[in-house]
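Beneath this line is the structure, given in structure tokens, with notes to follow.
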Amino acid sequence: MKQTIRIIGIDPGLRRTGWGVVDMSGTRLAFVASGTVRSDDGGALCDRLAALYDGLVAVISKHGPGEAAVEHTFVNRDAGATLKLGQARGIALLAPAKAGLKVAEYAPNMVKKSVVGAGHAQKGQIRTMVSILMPKATFDSDDAADALAIAICHAHHRGSVVAQAETTSEAGAKSRRGGRGIEAAKGSRTANEHLSSDELMRLVRGRG
Numbered sequence: 000m001k002q003t004i005r006i007i008g009i010d011p012g013l014r015r016t017g018w019g020v021v022d023m024s025g026t027r028l029a030f031v032a033s034g035t036v037r038s039d040d041g042g043a044l045c046d047r048l049a050a051l052y053d054g055l056v057a058v059i060s061k062h063g064p065g066e067a068a069v070e071h072t073f074v075n076r077d078a079g080a081t082l083k084l085g086q087a088r089g090i091a092l093l094a095p096a097k098a099g100l101k102v103a104e105y106a107p108n109m110v111k112k113s114v115v116g117a118g119h120a121q122k123g124q125i126r127t128m129v130s131i132l133m134p135k136a137t138f139d140s141d142d143a144a145d146a147l148a149i150a151i152c153h154a155h156h157r158g159s160v161v162a163q164a165e166t167t168s169e170a171g172a173k174s175r176r177g178g179r180g181i182e183a184a185k186g187s188r189t190a191n192e193h194l195s196s197d198e199l200m201r202l203v204r205g206r207g
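Counting in numbering that gives the first Met the number 0, the sequence shown runs from 0 upward without gaps.
Here you go:
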């Protein structure tokens, strides 16, 4: 019997943090739930971050994912906004880590290319593609749709992410024993190749 891996994708934001949960069993992906954790725009920063943390902890406790994926923060010209987003992202990393989950991180363009096929896709395109890939999926915001896209991205890259972590860990152990750990880590390669749209459809619908 194939093991089912439950994945939570998190799209961090101070005002809205989207989350999406999917089950992966072999080559099949199934929608579980999604939603948005919101904070009060007029509240103190510490209270807003606490609200995000409490919301994510509640979601993780309810749905019991085994792995988590969080989108990287992008840097823009507004240093203040970037800093606040970074703080929200810290909460998005902390909540699953405190629950004992392995947390993977993905760049926004990698998520978009994995799901839509274009690294500069718009939110509307992501929402549309997630609906096509998972007809049963429901989401209350673009942030929740993005979170599902992050979970889907992790689902078909998780093998290489785990392999990379194990290779790096093994290389570090060799280095401590006087081996060529650094060279081994630098020389390692992973299979982080983007799936074609047909391959992705088979993955989601379990036809692969």
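Using N, Cα and C, we set each Cβ at its ideal position, and we do this for glycine too.
If we ignore side chains and look at the alpha-carbon of each, how far apart do residue i and residue j end up?
i: P134; j: V31; result: 12 Å
i: L44; j: M23; result: 36 Å
i: I149; j: L82; result: 22 Å
i: G171; j: D39; result: At G171, the pLDDT of 48 sits below 50, so the modelled position is not reliable; the number obtained from the coordinates is stated separately. Each residue's Cα considered, the two are about 44 Å apart.
i: N75; j: K1; result: 43 Å
i: G41; j: R47; result: 9 Å
i: M128; j: P11; result: 20 Å
i: L51; j: V21; result: 21 Å
i: H77; j: A120; result: A small correction: the amino acid at residue 77 is Asp; His does not occupy that position in the sequence shown. So the two alpha carbons sit approximately 22 Å from each other.
i: H62; j: C152; result: 19 Å
i: R37; j: K111; result: 23 Å
i: A96; j: A49; result: 16 Å
i: G89; j: P64; result: 19 Å
i: G85; j: K122; result: 20 Å
i: D145; j: L100; result: 20 Å
i: A106; j: F73; result: 8 Å
Provide the residue span of the alpha helix (DSSP H) that contains residue i, from first to last.
i: D39; result: Run containing D39: none; DSSP gives neither H nor E here.
i: V129; result: K122 to L132
i: K135; result: Counting along the chain, K135 falls outside any alpha helix (DSSP H), and DSSP gives it neither H nor E.
i: P95; result: A78 to K97
Should residue i and residue j be called a contact, given that it needs their Cβ atoms to be closer than 7 Å?
i: H156; j: E104; result: no
i: I6; j: E66; result: yes
i: G118; j: N108; result: yes
i: T35; j: D139; result: yes
i: G54; j: S33; result: no
i: I131; j: A98; result: no
i: A94; j: V56; result: yes
Which residues does DSSP list as the beta-bridge partners of residue i?
i: M23; result: I4 and L28
i: Y105; result: E70
i: D142; result: According to DSSP, which records beta bridges pairwise, D142 is partnered with nothing at all.
i: I9; result: W18 and V69
Contact defined as beta carbons within less than 8 Å: I believe residue i pairs with residue j. What is the distance between those atoms, to the nearest angstrom?
i: A87; j: L13; result: 4 Å
i: D141; j: T16; result: Not confirmed; about 12 Å, so no contact.
i: V102; j: V69; result: 6 Å
i: A91; j: I4; result: 20 Å between Cβ atoms; not a contact.
i: A136; j: L28; result: Not really, about 10 Å apart at Cβ, beyond 8 Å.
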